[in-house]
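Some notes on the structure that comes next.
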Amino acid sequence: MKPLRIGNFSGFYGDRSDALREMLTGGEVDVLTGDYLAELTMLILARDRLKDPSAGYARTFPRQLEDCLGLAHERGVRIVTNAGGLDPAGLAGEIRRLADRLGIPVRVAHVEGDDLTAAHPGTLAAHAYLGGFGIAECLRAGADVVVTGRVTDAALVTGPAAAHFGWRPDDHDRLAGAVVAGHVLECGTQATGGNYAFFAEGDVRRPGFPLAEIHADGSSVITKHPGTGGFVEVGTVTAQLLYETGGARYAGPDATARLDTVRLAQEGPDRVRIEGVRGEAPPPTLKVGLNRLGGFRNEVVFVLTGLGIEAKAALVREQLADALAKSPPREVRWELVRTDRADADTEETASALLRLVVRDPDQRVVGRALSGAAVELALASYPGFHVLAPPGKGAPYGVFEEAYVPHVGAAHVAVLHDGRRIPVPPPQETRPLAAVPDPPLPEPLPPGPVRRAPLGLVVGARSGDKGGNANVGVWARSEDAWRWLAHTLTADTFRRLIPESRDLPVTRHLLPNLRAVNFVAEGILGAGVAAQARFDPQAKALGEWLRSRHLDIPEALL
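If you read the sequence shown in the working numbering, its first letter stands for residue 919, the second for the next number, and so on.
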């Protein structure tokens, strides 16, 4: 049976607007998927909806579609997207009006049932992560465009694959293969050289978007359209497989994919085969993402230039102590970032940054009183006083939390293009999640000379966020490097190299098939990205920081 070619044209809300046309014109494709949603995006859409009840979906998608809907219809390419956000029915209606205006006879369906906000008082948005079988129902009924709200990212691929190949909910191995392919595609160009540790090995100035050739047995080949930028190799696919994952079991509402069974092989230029994926029944519950307002936040960044950086920082802290004491914010955080260099030849490189962040449920506490106190120092503090930007009145920040409900707790419904509503039944078989025992370690490398050097000379890494936790996936590019990595980079070593994780639970997962270790640092991101609790609130560069740390590395690997 001919493989199903599923491409991606969006990895986030704000991705390249011309990617949809590029994917439609660049080569053969059957289905195009657009992923617009993330934890932070749901909060952004919820806040937008407070101002405008019709603003619950990704406004950029209809503009992309206006340019390309006719082209997709001519080529018989179906489009599946979660751009519906908080209002998939509203977006489906807008697309129908667009199609009528353009005179293009397309059938538009949508999926709903993820919105559980009413059941979680105090939240701005509470949405269950649905699977792909609602999408499959829409496609089987002939939909040309399917709009969803909060489904798992991989559901954008499992749904079309299940519809095309006739998979049943108990086809766990096949579904797990599609889950893995969907996870590779979901972040767009991250699979084709974007954000890649070894980016210098190819031309990644404008990476092409990825596509998966999915076979009836669930195996796939990750590739891209010919002539597009970037590159697809085992490393780029490995990096994306490790992104925002944890242990060997990668759970989803359609199936739990066993990442420890994934086998990758370079099949040819820009072609990586994924096979061997084993699947298990999904967990008995659905994840629900809860977004709420956490309070108000304000920030001032003082620029400290030249000599006496520490003394200048101490003076500012002392001068603001009275203002902070009069009405103490619930949280006060000072951070001195030593970006300065001695005898620098530019003012920027002679300067350090002192960052003050305050949070409180009351906007007045973090607002103008604090801002005024900081501004009043302009002529009365350290020499060279200035700030990066004037402090404001305080802005709201969000908090992301997870909850879990039984599958029956979300009324998963496919709303077909003709208005019929098809309930999607919950899975008949489920399996509670449990940790997979660590596999045996490989044989260690024989003793030999070592050299102090950056870890990133021999391994790649990719990191990301899941609520308040961060994951860092680290993989080796050779068998010898894997043997060294597995014995050297333990959870204790990770804590030593990443000091802010020192007092946190850090779990290491071994994935020998990928020659990888995956770390999960619990609580390192506080209340999640919307709370902006750290310099890099989504842990995007945490892996690169780890790669920059120095270890004693065998000279044979360098």
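Don't be surprised by glycine CBs; every beta carbon is placed ideally from N, CA and C.
Because the structure is a prediction, the values reported are computed rather than measured.
Contact check, residue i vs residue j, beta carbons under 8 Å
| i | j | result |
| --- | --- | --- |
| ASN926 | GLY1106 | yes |
| ARG883 | HIS1038 | Residue 883 cannot be examined here, being either before or after the span of the chain that is shown, 919 to 1476. |
| GLY1194 | VAL1206 | no |
| ASP953 | GLU1104 | yes |
| ALA1439 | LEU1422 | yes |
| GLY1095 | ALA1073 | no |
| GLY1197 | THR1223 | no |
| LEU1034 | VAL1323 | yes |
| GLY1316 | ARG1248 | no |
| ALA906 | GLY1031 | Residue 906 is absent from the model: the chain starts at 919 and stops at 1476. |
| PRO1427 | ALA1166 | With the sequence shown as reference, residue 1427 is identified as His, and Pro is not the correct amino acid for it. Yes. |
| VAL995 | LEU950 | yes |
| GLY1052 | VAL1026 | no |
| LEU922 | LEU989 | no |
| ALA1371 | ILE1471 | yes |
| ALA875 | GLY1391 | Lying outside 919 to 1476, the shown extent of the chain, residue 875 is not represented and no answer is given. |
| LEU1093 | ALA1081 | no |
| LEU1147 | PRO1125 | Per the sequence presented here, residue 1147 reads as Gly, with Leu not at that position. A contact, by the Cβ cut-off of 8 Å. |
| GLY1312 | GLY1285 | yes |
| ALA964 | ALA1043 | yes |
Residue i versus residue j - alpha carbon distance
| i | j | result |
| --- | --- | --- |
| GLY1099 | VAL1075 | According to the sequence displayed, residue 1099 carries Ala and not Gly. Each residue's alpha carbon lies about 7 Å from the other. |
| GLY945 | ASP1188 | 14 Å |
| VAL1280 | GLY1212 | One detail in the question is off: residue 1280 reads as Asp in this sequence, not Val. When rounded, the distance between both Cα atoms is 10 Å. |
| ARG1349 | GLY1170 | 11 Å |
| ILE1140 | GLY1120 | 17 Å |
| GLN1237 | GLU1294 | 10 Å |
| GLU984 | ALA1457 | 35 Å |
| ALA1292 | GLY1302 | 15 Å |
| GLY1077 | CYS1056 | 9 Å |
| PRO971 | LEU1020 | 26 Å |
| LEU1475 | ARG1465 | 15 Å |
| GLU1477 | ASP966 | The shown model of the chain, from 919 to 1476, leaves out residue 1477, and the question about it has no answer. |
| LEU1182 | ASP1071 | 21 Å |
| ALA1199 | PRO1343 | 15 Å |
| GLN1346 | VAL1065 | 26 Å |
| ARG1251 | ALA1298 | 22 Å |
| VAL1102 | GLU940 | 19 Å |
| GLY1060 | ASP1336 | 10 Å |
| ASP1258 | ALA1270 | 5 Å |
| ARG1273 | SER1289 | 13 Å |
Host alpha helix (DSSP H) of residue i (start-end)
| i | result |
| --- | --- |
| THR978 | 978 to 993 |
| THR959 | 957 to 969 |
| ASP1280 | ASP1280 -> no alpha helix (DSSP H), and no H or E assigned at all. |
| TRP1085 | From DSSP, TRP1085 is part of no alpha helix (DSSP H); its letter is neither H nor E. |
| GLU940 | 937 to 943 |
| PHE1051 | 1051 to 1058 |
| LYS1244 | 1227 to 1244 |
| PRO1006 | 1006 to 1020 |
| ALA1292 | 1286 to 1293 |
Cβ-heavy atom distance, residue i to the ligand GDP, below 7 Å
| i | result |
| --- | --- |
| ASP1336 | With respect to small molecules bound, the structure shown includes none, and the ligand GDP cannot be examined in it. |
Limits of the beta strand (DSSP E) - the one that residue i falls within
| i | result |
| --- | --- |
| GLU1483 | Not covered by the structure: residue 1483. The range shown for the chain is 919 to 1476. |
| ASP1470 | 1468 to 1472 |
| LEU1137 | Reading the sequence as shown, one finds Ser at residue 1137 and not Leu. Premise fails: SER1137 is in no beta strand (DSSP E) and is neither H nor E. |
| GLU1361 | Element bounds for GLU1361: n/a, residue is neither H nor E. |
| ARG1369 | 1368 to 1372 |
| LEU1160 | Element bounds for LEU1160: not the beta strand (DSSP E) but the alpha helix (DSSP H), 1152 to 1160. |
| LEU1476 | Careful: LEU1476 lies outside any beta strand (DSSP E) and carries neither H nor E. |
| GLN1184 | 1181 to 1186 |
| PRO1128 | 1128 to 1132 |
Taking contact to mean 3 or more Cβ pairs, one atom from each stretch, closer than 8 Å, check whether the region 1388 to 1406 and the region 1354 to 1370 are in contact.
yes
As an exercise, report each continuous beta strand (DSSP E) stretch of at least 3 residues that is fully enclosed by the region 1374 to 1427, in chain order.
As far as the region 1374 to 1427 is concerned, its whole beta strand (DSSP E) runs of at least 3 residues are 1377 to 1384, 1387 to 1394.
Check whether the region 1349 to 1358 and the region 1368 to 1388 touch, using three or more Cβ-Cβ pairs below 8 Å as the test.
No: fewer than three Cβ pairs fall under 8 Å.
Is it the case that the region 1077 to 1090 contacts the region 928 to 946, given that we only count it when at least three CB pairs across the two stretches are under 8 Å?
no
Inspect the CB distances between the region 1153 to 1168 and the region 1109 to 1125 and report whether three or more fall short of 8 Å.
yes
Taking 8 Å as the threshold, find out whether the region 972 to 980 comes into contact with the region 1003 to 1012 through three or more Cβ pairs.
yes
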